[in-house]
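Everything on this sheet refers to the single structure shown next.
Numbering (my numbering), first residue to last: 21 to 140.
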């Protein structure tokens, strides 16, 4: 379970690290991605806030290799964020391959939480 938790952590670091890089300066790609996933055009400050929270989450995942609490907090945030995106996609009729990315991130967040709690 420890190896699976490490792989899940790596996936979260890559995805949400890149998301933070695009979100903090509110790059147009981040705005377009948020809009396409949630069907809600965001305000600039919302994208910046999500980018900052993504960055804090990535720091929590990295720190979570040594301490349990930051990983659980970061994993909880990423699970909530990914769950929200999947919920918005399903309510707008998305099916199949559109649901795969954020379902994967949701699963990775839950696996990371479980692996960190079990290893402590």
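Beta carbons: idealized from backbone N, C-alpha and C, even for Gly.
For residue j and residue i, believed in contact at Cβ under 8 angstroms, the rounded distance
i: residue 54; j: residue 67; result: 6 angstroms
i: residue 103; j: residue 126; result: 6 angstroms
i: residue 97; j: residue 73; result: 6 angstroms
Reduced DSSP category for residue i - H, G, I as helix; E, B as strand; rest coil
i: residue 132; result: helix
i: residue 22; result: helix
i: residue 90; result: helix
i: residue 53; result: helix
Distance CB(residue i)-CB(residue j) smaller than 9 angstroms
i: residue 49; j: residue 42; result: yes
i: residue 91; j: residue 81; result: yes
Burial state of residue i (16 or more Cβ within 10 Å)
i: residue 110; result: exposed
i: residue 214; result: Absent from the structure is residue 214, since the part of the chain shown begins at 21 and ends at 140.
i: residue 101; result: buried
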